[in-house]
Amino acid sequence: MLRKLITFISALALVLSGATAASATAPLQITFETDDTSGFIHTDFDDDGPGHQLSTLTSGIDGNAGSVLKVVRGTASWAGTTIIKDQSQALIAVGTLYVTANIYAPVAGKKLLMKVEKST
């Protein structure tokens with residue numbers, strides 16, 4: 008069920024972006040490590056005004072190696088975090104209509120909403 012939902016969201020993002028499958032770029036991998044070449048940037052958006060930045064890059068969570076983006080949602084219902092700044096980069100490309108994410112939550116059963124859209 009989750010895979011079908013991710014496929015639908017991915018396909019919908021391509022349709023809404025106006026990009027054809029042939030014009031989509033190669034898959035993008037974001038690792039949040041110091042050697043990450045994806046050009047990512049994390050920017051929170053909320054109604055708390057300028058300078059609002061709750062999401063942070065963190066490493067060594069629960070003894071695990073590697074870096075992660077700890078996303079902290081703001082107070083507004085529409086608050087979130089944007090992680091890609093270069094519009095020429097794409098999470099979705101020909102033959103790869105899935106977005107895969109390794110998610111950690113301290114409590115089992117947490118709901119996650121990931122919205123994939125073209126920013127303009």
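Add 7 to a position in the sequence shown, counting from 1, and you land on the number used in our numbering. Built from N, CA and C at the ideal position, the CB exists for glycine as well. It should be emphasised that the depicted structure is a prediction, and the values quoted were computed from it without experimental measurement.
Suppose the cutoff is 6 Å on Cβ atoms and the five residues either side in sequence are ignored; what does the same chain contact list for residue i look like?
{"i": "residue 89", "result": "50"}
Please state whether the Cβ-Cβ distance between residue i and residue j is less than 9 Å.
{"i": "residue 52", "j": "residue 86", "result": "yes"}
{"i": "residue 47", "j": "residue 73", "result": "no"}
{"i": "residue 61", "j": "residue 75", "result": "no"}
{"i": "residue 123", "j": "residue 98", "result": "yes"}
{"i": "residue 110", "j": "residue 120", "result": "no"}
In angstroms with no decimal places, state the Cα-to-Cα distance between residue i and residue j.
{"i": "residue 81", "j": "residue 105", "result": "27 Å"}
{"i": "residue 43", "j": "residue 37", "result": "7 Å"}
{"i": "residue 71", "j": "residue 45", "result": "22 Å"}
{"i": "residue 79", "j": "residue 112", "result": "12 Å"}
{"i": "residue 69", "j": "residue 35", "result": "27 Å"}
Using the beta-carbon count (16 or more within 10 Å), is residue i buried or exposed?
{"i": "residue 66", "result": "exposed"}
With DSSP as the reference, label residue i as helix, strand or coil.
{"i": "residue 53", "result": "coil"}
{"i": "residue 29", "result": "Any reading at residue 29 must be qualified, since the residue scores a pLDDT of 45, below 50, and its modelled position is unreliable; the value itself is stated next. DSSP places residue 29 in helix when its eight states are reduced to three."}
If I measure Cβ to Cβ from residue i and keep anything under 8 Å in the same chain, skipping five residues before and after, which residues do I get?
{"i": "residue 117", "result": "none"}
{"i": "residue 41", "result": "74"}
So, for residue i: in the same chain, excluding its five sequence neighbours on each side, which residues have a beta-carbon less than 7 Å away from its beta-carbon?
{"i": "residue 77", "result": "62, 63 and 65"}
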